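Undergrad: Top line first, the protein sequences correspond to chains A and B. Residue numbering for the first sequence is 1 to 297, as defined by this note's numbering. Residue numbering for the second sequence is 1 to 386, as defined by this note's numbering. We treat Cβ as the ideally placed atom computed from N, Cα and C, and that holds for glycine. None of the values given here were measured: they were computed from a predicted structure.
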Amino acid sequence: MKVDNDANAFYCDCVKEEQNPVNAMLRLDRMPSIWCPGCGVGTSVNAFARALKQAKVNLEKTAIVSGIGCSGRVSGYLNFDSFHTTHGRAIPFATGLKLANPELNVVVYSGEGDLIAIGGNHFIHAARRNMDLLVICVNNFTYGMTGGQVSPTSPASAKFTTAPFGQFEEPFNLPNLAESAGAVYVARWTTFHVNQLAKSMREALNKRGFRFIEVISPCPTLYQRRNKLGDGLDAMKYYVEKSVINNNADTREIKIDFQDEITVGTFVNKERPTFLESMNARFSQTIGASYQPYPEG
Amino acid sequence: MSADPAGVLTGSHYIDGNHAACEGALAAGCRFAAGYPITPSTEVVERIASRMPYMGGVFIQMEDELAASIALQGAVWAGKKALTVTSGPGFSLMMEHIGLAAMTETPCVFVDVQRGGPSTGLPTQPGQADMMQARWGSHGDYEIIALSPDSPQECFDLAIESFNLAEQWRVPVLLMMDEVVGHMTERVVIPEAKDIQVTERRFTKKSPQDFKLFEPASDMVPDMAKAGDGYKILVTGLTHDERGYPIMNQHIQEQLVHRLVNKIRLNANQITRCEEVDIEDAEVIVVAYGITSRVARRSITIAREQGVKVGLLRLIVCWPFPEQRIRELASKVKAFVVPEINYGQMVLEVQRVAAGKAPAILVGHGGGEVHEPEVIAAAIIKAAKG
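(1) Are the stretch 275-292 of chain A and the stretch 189-201 of chain A touching by the rule of at least three beta carbon pairs closer than 8 Å?
(2) Is there a Cβ from chain A that is less than 7 Å from the Cβ of F336/B?
(3) Determine the extent of the alpha helix (DSSP H) in which T292/B is found, giving its start and end residues.
(4) Our contact map puts A181/A next to T266/A with C-beta atoms below 8 Å; I'd like the distance itself, whole angstroms only.
(5) Give a yes or no on whether 7 Å exceeds the smallest Cβ distance from L177/A to chain B.
(6) Among the candidates I291/B, V286/B, W319/B, L315/B, whose CA atom is the shortest distance from the CA of A303/B?
(7) In chain B, what lies closer than 7 Å to R208/A by C-beta?
(8) In chain order, what residues of the stretch 117-142 of chain A put their CB closer than 7 Å to some CB of chain B?
(9) Taking the Cβ atom as the reference point for each residue, do L213/B and I233/B lie within a distance shorter than 7 Å?
(10) Which of the three DSSP states is assigned to Q77/B in this structure?
(11) For G90/B, name the three-state secondary structure that DSSP assigns.
(12) Can you tell me which of the three DSSP states T124/B falls into?
(13) Could you give the residue range of the beta strand (DSSP E) that holds H84/A?
(14) Beta-carbon of E65/B versus every beta-carbon of chain A: anything under 7 Å?
(15) Name the residues in the stretch 87-113 of chain B whose C-beta lies less than 9 Å from a C-beta of chain A; which are they?
(16) Compare the C-beta of M89/A against all C-beta atoms of chain B and say whether one is closer than 7 Å.
(17) If contacts are defined as beta-carbon pairs under 8 Å, then A282/B and V310/B qualify, I think. What distance do you get, rounded to the angstrom?
(18) Taking the continuous beta strand (DSSP E) assigned at Q114/B, which residues delimit it?
(19) Would you check if there are 3 or more beta carbon pairs closer than 8 Å linking the stretch 39-57 of chain B to the stretch 10-19 of chain B?
(20) In chain order, what are the residue ranges of uninterrupted alpha helix (DSSP H) at least 4 long that sit wholly in the stretch 215-290 of chain B?
(21) Can you tell me whether F165/A is buried or exposed, with buried defined as 16 or more other CB within 10 angstroms of its CB?
(22) Pair every Cβ in the stretch 208-223 of chain A with every Cβ in the stretch 143-162 of chain A, then say whether three or more of these pairs are closer than 8 Å.
(23) With contact counted as at least three CB pairs below 8 Å, one residue from each stretch, are the stretch 325-332 of chain B and the stretch 172-184 of chain B in contact?
(24) Give the list of continuous alpha helix (DSSP H) stretches no shorter than 4 residues that lie fully inside the stretch 80-157 of chain A.
(25) Straight-line CA distance for Q306/B to N267/B?
(26) Can you confirm whether the stretch 118-132 of chain A touches the stretch 97-108 of chain A when touching is taken to mean that 3 or more C-beta pairs between the two stretches lie within less than 8 Å?
(27) Mind checking whether S71/A and S82/A have CB atoms under 7 Å apart?
(28) Answer yes if the stretch 268-278 of chain B comes into contact with the stretch 337-349 of chain B, meaning at least three C-beta pairs across the two stretches below 8 Å, and no otherwise.
(29) How long is the line joining the alpha carbons of V173/B and M94/B, rounded to whole angstroms?
(30) Would G344/B and G116/B be called neighbours here (beta carbons separated by less than 7 Å)?
(31) With 16 other CB atoms within 10 Å as the buried threshold, where does D141/B fall?
(32) Nearest-angstrom Cα distance between E203/A and V57/A?
(33) Please compile the residues from chain A whose C-beta is within a distance smaller than 7 Å of the C-beta of Y245/B.
(34) Determine the extent of the alpha helix (DSSP H) in which A298/A is found, giving its start and end residues.
(35) Given a cut-off of 7 Å on the beta-carbon distance, is the pair K81/B and F163/B in contact?
(36) How about H87/A and G67/A: do their beta carbons lie closer than 7 Å?
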């Protein structure tokens, strides 16, 4: 059996420290979280905390920004400079934060309703500009905190409180959206793939530009219950049975249909100038030597 | 503290109000601006775009007003002074984030160069119909500070004051210009940096262990910390306790919202500012702001020539409303005349505060133009006759 060295090192840490090594990353005085049993948001946070522990980023200079909803609560549970902002607007808040202090390592952590429905415009523009942000999108196919309404990734035929006869709109294929808008790093994993997810997060943390990770995540309380898909464990079984790892897959080909195959992997990993690099290049060229380049982080 | 010379274009300039507001912001230390172009405010961000690279700051044209109005708040929490600029419809889109700034006590400046409305209305022509929206436009209970300049010089001066008030009280401050003041070109004198007083952010001196982000000092305003300094701050638009932790109960809501409201209401006399002209013997007082106050000066001359004792109370700070002064005057005068380029906004406040002791007479205008001075003069003369 192939040994995952990262995971191995991580568990060795656990034993050495005799406590959960991600504790330092959490506001423990805020535990327990509001998330339901079987929910995948906490699992993704665990992977993220592990990624942070292993990534070569300055934790003092790490800031987490989220919008609202279940996944929007992530910022408040993480023990960093945390900003819980308005519905859909985490990305523009993060943009201001990053541009005002490029030393900050800014992570946007939210749900698909927040980032892609109400915040869709900000998402595509931040990707277009190659704003130096890591965006983690917990995609559970539904609006959780508001009670299970249809979302921009809801698969066709699934039922929601606002699509009681079954969803009939075309859902977004998020990796494809991110890539087309200009993201330099695009990956998708499920909450079953905790080690791969943590590794992807770590890779993305150590990269510059607009980086996007989609985390397919269960919502047993609303999405699964309404669609008779069982509990959290059933979601894991679905992810095990139907996930196909295909790194470098063509993002046009990886849409997710109801209970159908989920292509996971790292699909895009490329370089192009960030917003601040482009800004400095342009101003240096046009203004000349008298221009003092702005710090790029 | 004196202004950073980098942002101060000392000298005498012949520029319009929009350009002057930009210079005021830069002189106040604004080093981050996010905007979305909209008439008649556009020249403010256009000038910022050309000046900011020389200031060591950043201007970004965001994808919409919602983005602009929250990007500036991100910049504030990273330690910068920041502003956004808009007009009518854009101002409507920014309302949610004025509430966020009030709730999270984020010091920032919104410039609204008012045009005729409602809706798309008259993009290139004046209005003063966003005054109540400035006060009440976001949901929930909160207080803001709003100022109204009547000249390009004052666009410069009040832009600085907007930043100073924002830092002092940790509230969003709204610079309520109008199209005429924004596009009016006059001489603007920019002093030397050492003669410009700027209020710096009050950062905590406590250690991260002892610091609570929303624990008020004696002036009801908490000290700040910024991202990246090791304080691990938690900032949320949810109802929160002194640590910033979201707590959903009516006790915390009462404690927080009451303080947000009271830090302005109980200190209103320190914040309000009016200009008074010929008030001493006045039987009628014109209450006006922005461009309308300049028209009203002519109306007052016309009425005085006809023997009417009339004075002007010009609102420089519109919110909080100068209740105490209006109340004092209400018991001395026959009437207030309130000309506005709207169909009755600040006049409602004059009526409320005068509380029946003197009538407040609206001279309304739908927008697109300023009043004819004779129209206001006629209302003054009629009011004087009782």
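TA: Taking the structure as given:
(1) No: the two stretches stay apart, fewer than three of their Cβ pairs being nearer than 8 Å.
(2) So, not an interface residue.
(3) Counting along the chain, T292/B sits inside the alpha helix (DSSP H) bounded by residues 291-305.
(4) Not quite, the Cβ-Cβ distance comes to about 17 Å (not below 8 Å), so this is no contact.
(5) Chain B has no Cβ within less than 7 Å of the Cβ of L177/A.
(6) Considering only I291/B, V286/B, W319/B, L315/B, the residue with the shortest C-alpha distance to A303/B is V286/B.
(7) Here the premise fails: no neighbours, minimum Cβ distance about 17 Å.
(8) Listed by position, the residues of the stretch 117-142 of chain A near chain B (Cβ gap below 7 Å) are N121, H122, H125.
(9) The answer is yes: Cβ separation under 7 Å.
(10) Note that residue 77/B is Trp in the sequence shown, not Gln. Of the three classes helix, strand and coil, the one that applies to W77/B here is helix, per DSSP.
(11) Collapsing the DSSP output to three states places G90/B in a helix.
(12) In this structure, T124/B counts as strand in the three-state DSSP scheme.
(13) H84/A -> beta strand (DSSP E) spans 81-84.
(14) By this cut-off, E65/B is not an interface position.
(15) Those would be E96, H97, G99, L100, T104, in chain order.
(16) The sequence shown places Arg at residue 89/A, not Met. Using a Cβ-Cβ cut-off of 7 Å, R89/A counts as an interface residue toward chain B, since at least one Cβ of chain B sits closer than that to its own.
(17) Between V310/B and A282/B the Cβ distance is about 6 Å, and since that is below 8 Å, they are a contact.
(18) 108-116 is the extent of the beta strand (DSSP E) around Q114/B.
(19) Proximity of the stretch 39-57 of chain B to the stretch 10-19 of chain B meets the contact definition, three or more beta-carbon pairs being nearer than 8 Å.
(20) The stretch 215-290 of chain B contains these whole alpha helix (DSSP H) runs: 250-265, 268-271.
(21) The residue is exposed, with fewer than 16 neighbouring Cβ atoms inside 10 Å.
(22) Contact between the stretch 208-223 of chain A and the stretch 143-162 of chain A is present, with at least three C-beta pairs closer than 8 Å.
(23) The stretch 325-332 of chain B vs the stretch 172-184 of chain B: no contact.
(24) Complete alpha helix (DSSP H) runs here, min 4: 90-100, 120-129.
(25) Each residue's Cα considered, the two are about 40 Å apart.
(26) They touch, by the three-pair rule.
(27) Their beta carbons are not under 7 Å apart, which means S71/A does not touch S82/A by this criterion.
(28) Touching, no.
(29) Spanning the two alpha carbons is a distance of roughly 13 Å.
(30) No, these two residues do not count as a Cβ contact at 7 Å.
(31) It is exposed - the Cβ of D141/B has fewer than 16 other Cβ atoms within 10 Å.
(32) Inter-residue distance for E203/A and V57/A is about 11 Å (C-alpha atoms, whole angstroms).
(33) R30, listed in chain order.
(34) Nothing about residue 298/A can be read from this structure; chain A reaches only from 1 to 297.
(35) Taking 7 Å as the Cβ cut-off, K81/B and F163/B qualify as a contacting pair.
(36) Yes; because the gap between Cβ atoms is below 7 Å, this pair is in contact.
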